[in-house]
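Notes follow the structure.
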Amino acid sequence: MHLVRTSTTPAVEKSANDAHVPSTDAEGEFTFPNVDALLEFVTLRWQEPWVTTDVWDEGVVDALLRRPFFLLVSVDAPVSVRWQRFQARCTANQLTPPSLEQFVLRNDAHLFAPGTGLGALIQRAQLKLLNSTTSISSLYTALGSLSLTDEARLRPSWDQYFMQLADLAAHRSNCMKRRVGCVIAREKRVISTGYNGTPRGMTNCNEGGCPRCNNASRAGADLSTCLCLHAEENALLEAGRDRIGEGSILYCNTCPCLTCSVKITQVGISEVVYNQGYLVDTKTAEIFAEGGVKLRQFTPPTGGLVDLSLVTSLHGRGASRTSGAPRDGAFDTADIRATLDDESYLRPI
């Protein structure tokens with residue numbers, strides 16, 4: 001879709017040497033005089049995928065971000081790479097390419113000019129793509145592996161929703177060692193949340209309340225002297241056994257430790273979903289497997305800044321691996337023992 005630009009096109013966008021360099025983009029049949037008209041059109045066709053690159057200013061971004069099912073993506077590349085690409089386009093069109101200094105000065109104006117700079121818009125993008133790929137084909141390969149049309153990017157799945165709540169709870173952590181958050185849910189409703197830190201009424205860990213955490217003890221050492229409750233413990237204490245019931249799922253941004261896994265098994269949690277690994281994943285997995293608790297790793301869709309050249313290389317390595325492995329590191333209780341020695345399963349942080 002195309003959106004008519006009502007304001008004058010900034011001079012900096014004409015090109016780095018003031019010559020018009022033809023674009024490979026073709027004008028589409030869907031062109032709208034303003035963002036309201038565009039949104040009215042899309043609302044009536046919300047189940048179809050639509051794309052526009054005509055995001056001119058923050059007013060347009062504000063209008064688009066107010067709507068559900070909208071993903072703002074920015075695409076950038078190192079300035080030297082873009083200069084080389086622009087030089088090639090100029091040469092192909094028999095135009096004099098700019099010097100690197102000219103290109104850098106125009107680039108700064110393009111990003112940071114008051115009112116028209118794209119820098120502010122790029123910062124608001126939910127997904128930032130660094131296009132340092134070496135060819136169009138590798139770019140398409142990288143984009144394909146990101147699954148940009150995954151509905152979870154627009155409306156979180158239940159796993160993603162509860163894991164994001166666990167991540168939010170982790171921001172309340174006061175532990176000096178690690179920031180962990182936990183959510184217990186049943187029938188898609190939150191029963192309790194928890195984060196790690198010293199008990200209620202005691203001095204916070206980050207204020208000196210736990211000597212062990214404040215003495216930089218190595219991982220796994222002196223645990224008997226630690227005064228911090230784990231996020232899972234806090235969530236379990238808040239919920240209580242009676243409220244947990246059958247079918248409850250515990251979400252934690254870090255795989256539970258050995259001590260927490262025993263307590264989780266005892267209160268009747270049916271499933272544990274985690275994101276990041278921990279040093280004792282193997283022992284935890286053994287306890288859950290024996291206790292009949294399903295353990296599953298969930299990794300949400302890639303967000304933030306993504307280097308597409310790295311995505312391409314990872315995609316290439318992944319294609320050569322044996323197929324049939326569970327997606328996103330998810331393992332059922334039935335086959336958990338077979339995966340305990342799998343390097344792809346243990347993901348220490």
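Numbering (my numbering), first residue to last: 1 to 349.
From the three backbone atoms N, C-alpha and C, an ideal C-beta is built for every residue, glycine too.
Alpha-carbon spacing of residue i relative to residue j, whole angstroms
{"i": "Thr254", "j": "Asn174", "result": "16 angstroms"}
{"i": "Phe69", "j": "Gln126", "result": "12 angstroms"}
{"i": "Gly115", "j": "Arg124", "result": "15 angstroms"}
{"i": "Leu139", "j": "Ser132", "result": "9 angstroms"}
{"i": "Tyr251", "j": "Phe288", "result": "14 angstroms"}
{"i": "Gly324", "j": "Cys210", "result": "Its pLDDT being 32, under 50, Gly324 is placed unreliably in this model, and the value from its coordinates should be taken loosely. C-alpha separation (whole angstroms): 45 angstroms."}
{"i": "Val306", "j": "Asp242", "result": "44 angstroms"}
{"i": "Leu64", "j": "Phe298", "result": "29 angstroms"}
{"i": "Val311", "j": "Leu279", "result": "27 angstroms"}
{"i": "Pro301", "j": "Thr96", "result": "42 angstroms"}
{"i": "Glu151", "j": "Arg189", "result": "21 angstroms"}
{"i": "Phe32", "j": "Glu101", "result": "37 angstroms"}
{"i": "Asp54", "j": "Leu38", "result": "11 angstroms"}
{"i": "Glu233", "j": "Arg186", "result": "17 angstroms"}
{"i": "Ala231", "j": "Gly303", "result": "25 angstroms"}
{"i": "Leu165", "j": "Lys263", "result": "22 angstroms"}
{"i": "His2", "j": "Val35", "result": "10 angstroms"}
{"i": "Pro98", "j": "Val79", "result": "13 angstroms"}
Residue(s) in a DSSP beta bridge with residue i
{"i": "Ser80", "result": "DSSP output for Ser80 lists no bridge partner at all."}
{"i": "Leu100", "result": "DSSP lists no partner for Leu100."}
{"i": "Gly194", "result": "Cys182"}
{"i": "Lys128", "result": "Ser74 and Leu305"}
{"i": "Ile244", "result": "Its beta-bridge partners do not exist; DSSP assigns none."}
{"i": "Ile249", "result": "Ala185 and Glu271"}
Three-state secondary structure assigned by DSSP to residue i
{"i": "Arg189", "result": "strand"}
{"i": "Thr134", "result": "coil"}
{"i": "His110", "result": "helix"}
{"i": "Arg327", "result": "Low confidence applies here, because Arg327 scores a pLDDT of 37, under 50, leaving its location unreliable; read the following figure in that light. The answer is helix: DSSP assigns Arg327 an H, G or I state."}
{"i": "Leu3", "result": "strand"}
{"i": "Leu148", "result": "coil"}
{"i": "Ile336", "result": "Unreliable placement is indicated for Ile336, whose pLDDT of 39 sits below 50; no coordinate value is reported for it."}
{"i": "Leu229", "result": "strand"}
{"i": "Arg200", "result": "coil"}
{"i": "Leu95", "result": "coil"}
Heavy atom of the ligand GDP within 7 angstroms of residue i beta-carbon
{"i": "Met176", "result": "With respect to small molecules bound, the structure shown includes none, and the ligand GDP cannot be examined in it."}
Contact set for residue i: own chain, Cβ-Cβ below 6 angstroms, skip 5 residues either direction
{"i": "Cys205", "result": "Asn174, Cys175, Met176, Gly197, Thr198, Cys213 and Cys228"}
Sequence-distant residues of the same chain with beta carbon closer than 8 angstroms to residue i, five excluded per side
{"i": "Gly318", "result": "Note that Gly318 has pLDDT 47, beneath the 50 cutoff, so the model's placement of it is unreliable and the number below is only indicative. For Gly318, where only same-chain residues beyond five positions count, there are no Cβ hits under 8 angstroms."}
Same chain only: Cβ atoms within 7 angstroms of residue i, ignoring 5 sequence neighbours per side
{"i": "Ile184", "result": "Ile191, Ser192, Ala235, Ala239, Ile244, Ser248 and Leu250"}
{"i": "Trp158", "result": "Lys188"}
{"i": "Leu121", "result": "Val55, Glu58 and Val61"}
Along the chain, which unbroken stretches of the alpha helix (DSSP H) at least 4 residues long are found entirely within the segment 251-325?
Unbroken alpha helix (DSSP H) runs of no fewer than 4 residues, entirely contained in the segment 251-325, are found at 258-267, 281-291 and 308-319, following chain order.
Within the segment 27-78, ranges of the alpha helix (DSSP H) (whole runs, at least 4 residues):
The qualifying runs are 35-43 and 58-65.
Could you tell me which whole alpha helix (DSSP H) segments of length 4 or greater appear in the segment 150-179?
Counting only runs of 4 or more, we get 158-170.
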